[in-house]
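Chemist: This is the structure I have questions about; it appears just below.
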Amino acid sequence: MQQSSILLLFLFLMGIALIVFIYIFMSSKRADQGMSNPLKKRFWFFLILTIIMGIFASVTIPKSPYFAFADKTPAKVIHVAAMQFSFFLSEKAIDRDKPSGQKIELPANEVIEFRVTSFDVNHGFAIYDKSNRLITQTQAMPGYVNRLRYKFKEPGEYNILCLEYCGVAHQLMRSSFIVK
Ligand SMILES: [Cu+2]
367 MQQSSILLLF LFLMGIALIV FIYIFMSSKR ADQGMSNPLK KRFWFFLILT IIMGIFASVT
427 IPKSPYFAFA DKTPAKVIHV AAMQFSFFLS EKAIDRDKPS GQKIELPANE VIEFRVTSFD
487 VNHGFAIYDK SNRLITQTQA MPGYVNRLRY KFKEPGEYNI LCLEYCGVAH QLMRSSFIVK
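Residue numbers (the working numbering): 367 to 546.
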């Protein structure tokens with residue numbers, strides 16, 4: 367459903383690109399005459415472009431995951447520390463000098479907050495569902511704590527993979543947790 371609407375959107379945009387291309391191609395044939403009222407055409411072009419971009423921005427920006435569940439109190443806070451080449455997940459703050467993690471079980475249909483950081487280089491913190499579909503992600507950055515909130519609807523095992531190339535064993539960097 368979502369994929370077919372994205373396909374339709376791209377076909378629609380492709381159609382617009384094609385029309386613009388044909389218009390430019392046709393007008394280049396009568397280049398000797400020059401474009402009549404070029405400044406007026408430019409004005410309308412930028413006006414329509416600004417309106418279209420304004421519509422897209424006002425529809426998509428409120429759906430940004432950065433605002434997800436911002437007005438809710440999370441049922442559980444999970445601290446995440448990424449290091450070459452593993453993830454530590456804990457319900458308590460993770461000690462930088464002696465990092466350790468624990469097995470994580472989360473309740474379904476509750477807002478969960480992940481506080482994600484890194485103890486060395488930039489990593490990605492990406493959560494995948496049972497069918498290996500990426501459902502949410504954030505960056506794990508040294509010196510920063512990135513907050514990621516999500517409500518897991520399906521019980522089961524979720525996998526965590528690094529989504530930022532971080533070194534030779536990047537592809538082995540993974541973890542998981544259970545939702546009950
Ligand atoms: Cu990595």
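No residue lacks a Cβ here, since even glycine has one placed at the ideal position from N, Cα and C. Remember, it's a predicted structure, so these values are computed and weren't measured experimentally.
With a threshold of 6 Å on Cβ separation, who are the neighbours of Ser-456 within its own chain once the five nearest residues in sequence on each side are excluded?
Modeler: Within the sequence shown, numbered from 1, the residue matching residue 456 stands at position 90. Taken in chain order, the residues that qualify are His-445, Gly-467, Gln-468.
Chemist: Could you check which residue in Ser-541, Ser-371, Ser-484 has the C-alpha nearest to that of Val-511?
Modeler: Within the sequence shown, residue 511 is the residue found at index 145, counting from 1. Taking Val-511 as reference, the option from Ser-541, Ser-371, Ser-484 with the minimal CA-CA separation is Ser-484.
Chemist: To the nearest angstrom, report how far apart Lys-438 and Tyr-516 are at their CA atoms.
Modeler: Locating residue 438 in the sequence shown gives position 72, counting from the first residue. Locating residue 516 in the sequence shown gives position 150, counting from the first residue. Roughly 11 Å separates the two Cα atoms.
Chemist: Inspect the beta-carbon positions of Glu-471 and Lys-519 and report whether they are closer than 8 Å.
Modeler: Residue numbering aside, residue 471 sits at position 105 when the sequence shown is read from its first letter. Residue numbering aside, residue 519 sits at position 153 when the sequence shown is read from its first letter. Between Glu-471 and Lys-519, the C-beta gap is not smaller than 8 Å, which leaves the two residues out of contact.
Chemist: With DSSP as the reference, identify every bridge partner of Gln-505, one or two as the case may be.
Modeler: As a working note, residue 505 is residue 139 in the sequence shown. Answer is Gly-490, bridged to Gln-505.
Chemist: In this structure, how does DSSP classify Leu-514 when only helix, strand and coil are distinguished?
Modeler: On the sequence shown, residue 514 is found 148 positions in, with the first residue counted as 1. Correct three-state label for Leu-514: strand.
Chemist: Could you check if Tyr-494 belongs to the surroundings of ligand 1, using beta carbon to heavy atom distance under 7 Å?
Modeler: For the purposes of this step, residue 494 is identified with residue 128 of the sequence shown, where counting begins at 1. For ligand 1, not one heavy atom lies less than 7 Å from the Cβ of Tyr-494.
Chemist: Relative to the C-alpha of Leu-549, which candidate in Tyr-494, Phe-543, Gly-522 has its C-alpha closest?
Modeler: The shown model of the chain, from 367 to 546, leaves out residue 549, and the question about it has no answer.
Chemist: So is Ile-382 buried or exposed if we call it buried at 16+ other beta carbons inside 10 Å?
Modeler: In the sequence shown, the residue the question calls residue 382 occupies position 16. Exposed: under 16 other Cβ atoms inside 10 Å.
Chemist: For the beta strand (DSSP E) that contains Ser-452, what are its first and last residues?
Modeler: Within the sequence shown, the letter at position 86 stands for residue 452. Start and end: 452-456.
Chemist: Where do the N-terminal and C-terminal ends of the alpha helix (DSSP H) with Met-419 fall, by residue?
Modeler: If you number the sequence shown from 1, residue 419 lands on position 53. 404-426 is the span of the alpha helix (DSSP H), which, as asked, contains Met-419.
Chemist: In or out: Tyr-389 buried (at least 16 other Cβ within 10 Å) or exposed?
Modeler: Taking the sequence shown and counting its residues from 1, one reaches residue 389 at position 23. Tyr-389 is exposed by the Cβ-count criterion.
Chemist: For Ser-484, list the residues DSSP reports as bridge partners.
Modeler: In the sequence shown, counting from the first residue as 1, residue 484 sits at position 118. Ala-448, Pro-508, per the DSSP bridge assignment.
Chemist: Quick check: is any heavy atom of ligand 1 less than 7 Å from the C-beta of Met-449?
Modeler: To locate residue 449, count along the sequence shown from 1; it is residue 83. It does not: the Cβ of Met-449 is nowhere closer than 7 Å to a heavy atom of ligand 1.
Chemist: Consult DSSP for Ile-460 and reduce its assignment to one of helix, strand or coil.
Modeler: What you label residue 460 is simply residue 94 of the sequence shown in a count that begins at 1. If DSSP states are grouped into helix, strand and coil, Ile-460 belongs with coil.
Chemist: Return the first residue and the last residue of the alpha helix (DSSP H) that Gly-467 is part of.
Modeler: The residue given as residue 467 occupies position 101 in the sequence shown. That residue, Gly-467, is in no alpha helix (DSSP H); it is neither H nor E in DSSP.
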